[in-house]
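Residue numbers (full-length UniProt numbering): 1 to 774. Glycine included, each C-beta is placed from N, C-alpha and C at the ideal position. Predicted, not measured: the structure shown is a model, and the values here were computed from it.
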């Protein structure tokens, strides 16, 4: 049977861990009570004057009766829990305080136990009240948002002659909400020629405090001296806001001023309403998730109080749990039913307005079921791992026997086959490191799905990552063996060298395949993130976007191999077996600079966009790090072509500055380490890994792998095959460093969420009310 402490550790909400009952500390206090009951010296029987020889028997009998026939707790009052009302801030807080009515032999330890128990009860109550009020307020705002959405739908439908009356959900109260997202003004159609139903809807909206900018009705009905509330629609985070917002605003104004004119304005209006509906639906889902977490928080803490009081009863041989549990059950976090009622209301509203009254469909959104981990995945991971090892051994033997790496053959083979196969090797290594990251994040209870905003039902698990990795590597080595066998048997190089290109095309087709197999949600999520990275300045940057962009900065060799492979096949060089076409000339040199700069440029643009959205100067400082990396990369490329002392000095200076910049940002900003006054010397106060030495080893490991650029300065002389193998080895080291960096980056992000008790996403809402001058 699993101990409750293990169950609690496994089931508690990681971001709220500090707000839960400190069950482990209370257990330690009970152990102190138990130890204080053990006599220091063995009891000695002695008889005083007037004592009876039957006294020991009476003593044992009293102990026996107390143990098997305990007294009624209703008649014997052992503790008394008082509830006090204290004024704290704007609200009154209930504080519980326990007094010992009956003396204990271990009175001091028992008093300390109940003082700590009271502290934990008060902490749980206060935290529950705070989270409950936040969720209730969010529910009020969402109800108002939904009412406005339904009214706007009614306006648009009336314009098309399809009036949709709709039923509004029960009204909570509304409260203004601020938004940090870019916005466009939503105008309503107040043309006098419109139907009377539309006028009634607009009037209803104005009664609720919502007025439309530039509308005649709003101007006529706004009272003097009373601020007018202007309704706005925010552009969602998935659109290039700066360009589109200006266009859509003009189209919307054109629709208001020319209601009879048919054109793209009506389409934009409907698209805006669809975006708003999608945002509100997502906000309801997140609200329901938050309510579920709070319900879990309440039930787990109740069980924790019950278990710890039973342990105390067992140690003290007293019946205190019943009287204290009555107080716990009357406390706010158990007695309040607001969360349960709000969950029922959200289910009803979501089913009615977002699931066409289909409760089963609604529950798929509100309570997504996680896929059960299959043992078949583990089986195939082992199978493909064995296949990879066997095939690679066969390839090494065949390559040695056929003499493919002899000096007269190595140039052609390395320049034509090596790039495409190294692409898949580096990609597979990165997937393997990501699988290790997923395993470690899960083991240490880092909520990576919440941080990356992944859907738990479709998110990639570590076994799946290992399966994809081993599948790719087995396929790559199989293709390499087939290619080598055909080449050794005298097949035409034109046909044989097409195998790597065909393999690459199959991979691209699989990546964009629309059919629902081989992790389609993950594939499409990957493509969507790549799109956001490529168009970085135009998209709002999310955590997963800049995390993936950081991965690309470690895969510059992969991008360069992709470029040379694409050139080799698009230029038709595989037909003539002339690899020099793509390895020389001005275009090749310029492409080398562009590809080496692109990942850093994308990341720098993301920093610029985040600074634009959040006005945080740290993002500009972060952008400087990537600019310095671009300068250092450009200097090293130039030095590779112009070996002289001037460029050597430039490489040393720029690379040293970039490396120091990167190391500082790694340790201080991304990992949150190197705190001088931390209780963990030069680390941070909160650490997820128990062994502190691992952090110091990781710091040294990251420093060592950050300075591998020294190889370009030392200029070791190798043959072409040795040089390619060295490049691949260094590229692999960088991928390993990035995978190692990923764990600590997400650990720091998780601890920031824990410090702010952030377990629920703050979904942006489409409508907001702002004061505007009449």
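Within the same chain, and ignoring the five residues on either side of residue 428 in sequence, the residues whose Cβ sits closer than 6 Å to its Cβ are 469, 472, 473. For residue 441, the enclosing alpha helix (DSSP H) begins and ends at 418–443. Distance from the CA of residue 308 to the CA of residue 754, rounded to the nearest whole angstrom, comes to 25 Å. Within the same chain, 381, 435 come within 6 Å of residue 466 by CB-CB distance, once the 5 residues on both sides are set aside. Straight-line spacing of the CA atoms in residue 115 and residue 35 works out to 19 Å.
Restricting attention to 5, 18, 6, the CA atom closest to the CA of residue 759 is found in 18. Between the alpha carbons of residue 118 and residue 14 lies a distance of about 23 Å. Per DSSP, residue 356 lies in no alpha helix (DSSP H) and is assigned neither H nor E. The residues 329, in chain order, have a CB closer than 8 Å to that of residue 335 in the same chain once the five nearest residues on each side in sequence are set aside. Across the structure, residue 568 and residue 741 are spaced so that their CA atoms are roughly 34 Å apart. In this structure, residue 599 lies near residue 553, with their beta-carbon atoms less than 8 Å apart. In the structure shown, residue 606 falls within a helical segment according to DSSP collapsed to helix, strand and coil. If you ignore the 5 residues before and after residue 281, its C-beta comes within less than 6 Å of the C-beta of 354, all in its own chain and listed in chain order.
Nearest Cα to residue 613 within the set 541, 627, 625: 541. Around the beta carbon of residue 311, 16 or more other beta carbons sit within 10 angstroms, so the residue counts as buried. Boundaries of the alpha helix (DSSP H) around residue 727: 720–755. For the pair residue 325 and residue 445, the Cα-to-Cα distance works out to about 31 Å. If you compare the alpha carbons of 331, 463, 496 with that of residue 84, the shortest gap goes to 331. Around the beta-carbon of residue 389, fewer than 16 other beta-carbon atoms lie within 10 Å, marking it exposed. Restricting attention to 413, 679, 133, the CA atom closest to the CA of residue 498 is found in 413. Contact check for residue 708 and residue 726: beta-carbon distance about 10 Å, past the 8 Å limit, so the pair fails to qualify. Between the segment 415–429 and the segment 498–511, the count of C-beta pairs closer than 8 Å reaches three or more; the two stretches touch.
The Cβ atoms of residue 291 and residue 363 do not sit closer than 8 Å to each other. In this structure, the beta-carbon distance from residue 678 to residue 670 does not fall below 8 Å. By a beta-carbon distance limit of 8 Å, residue 441 contacts residue 746. Their separation comes to about 6 Å. The beta carbon of residue 273 is closer than 8 Å to those of 149, 152, 153, 156 in its chain, skipping five residues each way along the sequence. In terms of Cβ geometry, residue 306 and residue 313 do not form a close pair [threshold 8 Å]. Check the Cα spacing between residue 521 and each of 347, 378, 712, 461: the tightest is with 461. Following the DSSP letters along the chain, one finds residue 370 in no alpha helix (DSSP H), marked with neither H nor E. Residue state for residue 517 is assigned as coil, using DSSP reduced to three classes.
In the DSSP annotation of this structure, the continuous segment of the alpha helix (DSSP H) that includes residue 501 starts and ends at 498–512. Exclusion of the five residues before and after residue 113 leaves 29 as the residues of its chain whose Cβ lies within less than 6 Å of its Cβ. Between the C-alpha atoms of residue 437 and residue 401 there is a straight-line separation of about 39 Å. For residue 10, the closest alpha carbon among the candidates 289, 296, 286 is that of 296. Straight across, the Cα-Cα distance linking residue 701 with residue 493 is about 44 Å.
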